[in-house]
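Visitor:
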Amino acid sequence: VQKLEQLVKSGIPQYMPTPESGYQTGQKQFVKQQPAISSSLLDYITEQQKQGVGREEIENALLSNGWQASNIKQAFSSLLSSAEFPQPILVPVQTGPTSFDTFVEWLKEDWLLKLGALLLLIGFGWLTTYAFLNNWIGPMGRIALGIIAGVLFLLLGWWRIQKYIHQGGIFLVLGSTTILLTIFAAREVYGFFTPLSALIVMFLSTAFVAFASVVYNNRSLALASLILAGIAPLLTDSPSHNYVGLFAYLFIVVLGAIWIVVLTGRRELTAVALILITFYSLPHLFSFTATDTGVLLLFAYAFTAVFFLTNTAGILRMKDKDVLPDLITAAGNGLFLLAWIMTAAPDEWKSLIISAWMIVFAVGAFLIFKATQRREPFYVYAGVGIAMLAAATSAELKGATLVIAYTIESGIVSLIVYSVLRDIKIAERISLLLAGPVVLSIESITSSRWVTGVIHKDFFVLFILGITFLGLGLFFLRPVRELKDKESQQLNAILLIAGSLYAYALLWLSLHAGLRNDNTAVMISLVVYTIFGLVSYFYGLAHNEYGLRIYGGVLIGFVVGRLLMVDVWKMELAGRIVTFFLIGALLVSTAFVGRKKQDSILQNNIP
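Just so you know, we're using the numbering used here here: the sequence shown kicks off at 2 and counts up by one.
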């Protein structure tokens, strides 16, 4: 007991491992030697060492608690051997040397050579300035010096990019830019080179940068080479505008960009190339110049074909990846082509040309959807096709005929989309294309032809619009009920309500145009509206269709409101009497229908 008290006072806990149970209190326990080192023994020794207890005190405590001396010695030996291979210590992640540290290390290496080179460059710069001031170097020497400097920058960039991509890229772009500016100065100041030779030299320098971007798969270099190649024609200072040669050069640049896209997969280059071509097309699209528009239209077809094939191939390759750059380029490509056709194509050929390209985009949309099952490309290509269809229609038709054609096309497109995708939501959204014909139909509603007769172009505009809305609404009604989606139900209700409104407007205008007495026309129209309102209301009441009840109630409210606020003042007395009696009788008759329904409900509830 005295020994244990001494151990407690010295900092040794009372709980110690035993050969059988690990940490225990109580008496000494003597057991046979264990064949293996106990983990509790190792843990105990480790914990005591962390508390600063010496080895001798630990051994005495363990011996007094029943452990064999050989086991204790073996445990200490095991801990000493494991200490030779310590566990890895977590240290903060090193972010690497900073740019300043790297620059300092670079300066330390061969610093005498670098210092001498710097002094030589400074002296050479002063010598060049002095030579220019004293006219030691003529115009040709100055241009040659600029070109040599650009080439040296290119070579330095090529050598540097092998180890440092960023630094090498900067030197490459600097070299190409130096050559472009030197050639521009040669053309602008001294009149050296021809526009063609100047453009060739500029293009070769940008092509070298593009080649480096492919070898080292660098996006920044690829974009820089394309931009520099696009700027080059502006620096040639051509005395005359050779638009055919310009577009031929741009076509070569576009092919080079496509080559980079194929090798590196940098699809954003296609969008940049399209922007570049559009920039050079603006003077022709805004009719600032009409030179060679027929030939340039052929180039526009070629550009469109190249972009279309590139986008299609990119989308097919990237089935499960982001295709946003391809979609943007596809939409821009279609609008680019449409603008060129509407501007440069002969009027008698516009519709046929647009229709041909519309078929190309529509077939492309269908094939891409079948191959990838992705809807985004289908939407974009189908949207381009629809825009071309509308443009072709507007090129051939005018007035009421155009509205009728737009209406039929919008309905057919909605049905085609549903048959391809089997998605009622998308099909109903596509049907919103009818908003265009709706706006154009306002002119038919307010047309002066309704004064002269019933059957005319404006009649058919309203008739076809109403039939299209009602037909689409009824066609989509069953899939919408099966889907039970709120948005689909709302869109379907919009289609049906819009169709009924056109039917009511057509009835109103036709009766006023066909009957000499306006009071009779108003009376018949309001009676018909009331009948439809009552039928809709009670059908919705019987089948728990809340929307139909609201529709019927609003229609009846419109009739009553017109009677009390308009017709009561405008109608003749005889017309008012007949109209109020008829509509009042219709409304009163609903009491028997409602009573009948309530009686049936009560009978069903009585046990």
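Every residue gets a Cβ at the ideal spot worked out from N, C-alpha and C, and that includes glycine.
1. Could you say which of Lys-371, Pro-378, Leu-339, Ala-366 lies nearest to Ser-395 if we only look at CA atoms?
2. Ala-233 and Met-203 - do their beta-carbons sit closer together than 8 Å?
3. Under 8 Å, do Leu-173 and Ala-223 count as touching if we go by C-beta distance?
4. Relative to the C-alpha of Phe-370, which candidate in Asp-293, Trp-451, Ile-316 has its C-alpha closest?
5. Alpha carbon to alpha carbon, what distance is there between Leu-235 and Val-404?
6. What is the DSSP secondary structure of Lys-571, counted as helix, strand or coil?
7. How many Å lie between Ile-73 and Glu-48 at the Cα?
8. If you draw a straight line from the alpha carbon of Phe-185 to that of Thr-237, how long is it in whole angstroms?
9. Could you check if Ala-301 is buried or exposed, using at least 16 other CB atoms within 10 Å of its CB as the buried criterion?
10. So, are the CB atoms of Gly-500 and Leu-471 less than 8 Å apart?
11. Is the CB-CB distance between Ala-366 and Gly-386 below 8 Å?
12. Ordered along the chain, which non-local residues of its own chain (more than five positions away) have a Cβ less than 6 Å from that of Glu-397?
13. When we look at the beta-carbon of Glu-483 and count the other beta-carbons within 10 Å, is it buried (16 or more) or exposed?
14. Going by CA-CA distance only, name the one from Ile-149, Ala-274, Asn-218, Leu-298 that's closest to Gly-266.
15. Quick one: is Leu-116 buried, meaning 16 or more other Cβ sit within 10 Å of its Cβ, or exposed?
16. Need the endpoints of the alpha helix (DSSP H) that Ser-352 sits in, please.
17. What would DSSP say about Pro-36, mapped onto helix, strand or coil?
18. Helix or strand or just coil, what does DSSP make of Asp-327?
19. Could you pull the start and end residues of the alpha helix (DSSP H) that Pro-140 belongs to?
20. Per DSSP, what kind of secondary structure is Leu-398 in: helix, strand or coil?
21. By the 10 Å Cβ neighbour count, where 16 or more other Cβ atoms means buried, how is Trp-350 classified, buried or exposed?
22. Could you spell out the range, first to last residue, of the alpha helix (DSSP H) harbouring Gln-168?
23. How many Å lie between Leu-120 and Leu-113 at the Cα?
24. Just checking my contact of Tyr-191 with Ile-162 at CB under 8 Å: how many whole Å lie between their CB atoms?
25. Would you mind sorting Glu-429 into buried or exposed? The rule is 16 or more other CB atoms within 10 Å of its CB.
26. Specify, as a first and last residue, the run of the alpha helix (DSSP H) that Thr-271 falls within.
27. Do Ala-504 and Gly-467 have their C-beta atoms closer together than 8 Å?
28. With a cut-off of 8 Å on the beta carbons, I'd call Val-455 and Ala-514 a contact; round off their distance for me.
29. For His-242, which of helix, strand or coil comes out of DSSP?
30. Counting Cβ pairs, one atom from each stretch, are 3 or more of them under 8 Å apart for the region 326 to 346 and the region 411 to 419?
31. Taking contact to mean at least 3 C-beta pairs separated by less than 8 Å, is the region 475 to 490 in contact with the region 446 to 462?
32. Spatial neighbours of Phe-280 within its chain, please: CB distance less than 8 Å, with the 5 preceding and 5 following residues excluded, ordered by chain position.
33. Below 8 Å on the Cβ atoms is my contact criterion, and I expect Ser-445 with Val-462 to pass it. Report the Cβ-Cβ distance as a whole number of Å.
34. In the DSSP assignment, the alpha helix (DSSP H) including Tyr-505 goes from what residue to what residue?
35. Report the rounded CA-to-CA distance for Phe-248 versus Leu-205, giving the unit in angstroms.
36. Within 10 Å of its beta-carbon, does Pro-438 have 16 or more other beta-carbons around it, so buried, or fewer, so exposed?
Guide: Working from what's here:
1. Within the sequence shown, numbered from 1, the residue matching residue 395 stands at position 394. Here the closest residue by C-alpha is Leu-339.
2. The sequence position of residue 203 within the sequence shown is 202, counting from 1. The sequence position of residue 233 within the sequence shown is 232, counting from 1. Yes; because the gap between Cβ atoms is below 8 Å, this pair is in contact.
3. Working through the sequence shown from its first residue, we reach residue 173 at position 172. Working through the sequence shown from its first residue, we reach residue 223 at position 222. Cβ distance not < 8 Å, so Leu-173 and Ala-223 don't count as in contact.
4. Position 369 of the sequence shown holds residue 370. Residue Ile-316 is the option with its Cα nearest to Phe-370.
5. Walking along the sequence shown from the start, residue 404 turns up at place 403. Walking along the sequence shown from the start, residue 235 turns up at place 234. Rounded to the nearest angstrom, the two C-alpha atoms are 45 Å apart.
6. Taking the sequence shown and counting its residues from 1, the one referred to as residue 571 is at position 570. If DSSP states are grouped into helix, strand and coil, Lys-571 belongs with the helices.
7. As a first step, residue 73 must be located in the sequence shown, where it is residue number 72. As a first step, residue 48 must be located in the sequence shown, where it is residue number 47. Cα to Cα, the separation comes out at about 15 Å.
8. Counted from its first residue, the sequence shown places residue 185 at position 184. Counted from its first residue, the sequence shown places residue 237 at position 236. Their backbone Cα atoms lie some 6 Å apart in a straight line.
9. Translated into the one-based positions of the sequence shown, residue 301 becomes position 300. Buried, because 16 or more other Cβ atoms sit within 10 Å of the Cβ of Ala-301.
10. Against the sequence shown, residue 500 aligns to sequence position 499. Against the sequence shown, residue 471 aligns to sequence position 470. Yes. Within cutoff.
11. On the sequence shown, position 365 is the one that residue 366 refers to. On the sequence shown, position 385 is the one that residue 386 refers to. For Ala-366 and Gly-386, yes; Cβs fall inside 8 Å.
12. Within the sequence shown, the letter at position 396 stands for residue 397. If we look at Glu-397 and ignore the five residues flanking it on each side, its Cβ neighbours are Ser-352.
13. Locating residue 483 in the sequence shown gives position 482, counting from the first residue. Label assigned to Glu-483: exposed.
14. Reading the sequence shown from its first residue, position 265 is the one you call residue 266. Taking only the C-alpha atoms, the option nearest Gly-266 is Asn-218.
15. Position 115 of the sequence shown, counting from 1, holds the residue named residue 116. Classification for Leu-116: exposed.
16. The sequence position of residue 352 within the sequence shown is 351, counting from 1. Looking at the DSSP string, the run of the alpha helix (DSSP H) that includes Ser-352 is 351 to 373.
17. Walking along the sequence shown from the start, residue 36 turns up at place 35. With a pLDDT of 45 at Pro-36, under the threshold of 50, the modelled position of this residue cannot be trusted, and the question is left open.
18. On the sequence shown, position 326 is the one that residue 327 refers to. If DSSP states are grouped into helix, strand and coil, Asp-327 belongs with the helices.
19. Taking the first residue of the sequence shown as position 1, residue 140 is located at position 139. Counting along the chain, the alpha helix (DSSP H) containing Pro-140 begins and ends at 140 to 162.
20. In the sequence shown, counting from the first residue as 1, residue 398 sits at position 397. Looking at Leu-398 - three-state DSSP - the assignment turns out to be coil, as it is neither helix nor strand.
21. Counting from one through the sequence shown, the residue named residue 350 turns up at place 349. So Trp-350 counts as exposed.
22. To locate residue 168, count along the sequence shown from 1; it is residue 167. Its alpha helix (DSSP H) spans residues 166 to 186.
23. The residue labelled residue 120 in the question sits at position 119 within the sequence shown. The residue labelled residue 113 in the question sits at position 112 within the sequence shown. The straight-line gap from Cα to Cα measures roughly 11 Å.
24. The residue you call residue 191 lines up with position 190 of the sequence shown. The residue you call residue 162 lines up with position 161 of the sequence shown. So it is not a contact: roughly 33 Å between Cβ atoms.
25. Position 428 of the sequence shown, counted from the start, is the residue given in the question as residue 429. Classification for Glu-429: buried.
26. Numbered from its first residue, the sequence shown carries residue 271 at position 270. Run containing Thr-271: 269 to 286, per the alpha helix (DSSP H) assignment.
27. Position 503 of the sequence shown, counting from 1, holds the residue named residue 504. Position 466 of the sequence shown, counting from 1, holds the residue named residue 467. The answer is yes: Cβ separation under 8 Å.
28. One-based indexing of the sequence shown puts residue 455 at position 454. One-based indexing of the sequence shown puts residue 514 at position 513. Right, their Cβ atoms sit about 5 Å apart.
29. Your numbering for residue 242 matches position 241 in the sequence shown. Three-state result, His-242: coil.
30. no
31. no
32. Reading the sequence shown from its first residue, position 279 is the one you call residue 280. Excluding residues within five positions, the ones whose Cβ falls inside 8 Å are Gly-231.
33. Start at 1 with the first residue of the sequence shown, and residue 445 comes out as number 444. Start at 1 with the first residue of the sequence shown, and residue 462 comes out as number 461. Their Cβ separation, rounded to whole angstroms, is 4 Å, which keeps Ser-445 and Val-462 in contact under 8 Å.
34. Walking along the sequence shown from the start, residue 505 turns up at place 504. Counting along the chain, the alpha helix (DSSP H) containing Tyr-505 begins and ends at 487 to 515.
35. For the purposes of this step, residue 248 is taken as the residue at position 247 of the sequence shown. For the purposes of this step, residue 205 is taken as the residue at position 204 of the sequence shown. The straight-line gap from Cα to Cα measures roughly 17 Å.
36. Your numbering for residue 438 matches position 437 in the sequence shown. Buried: at least 16 other Cβ atoms inside 10 Å.
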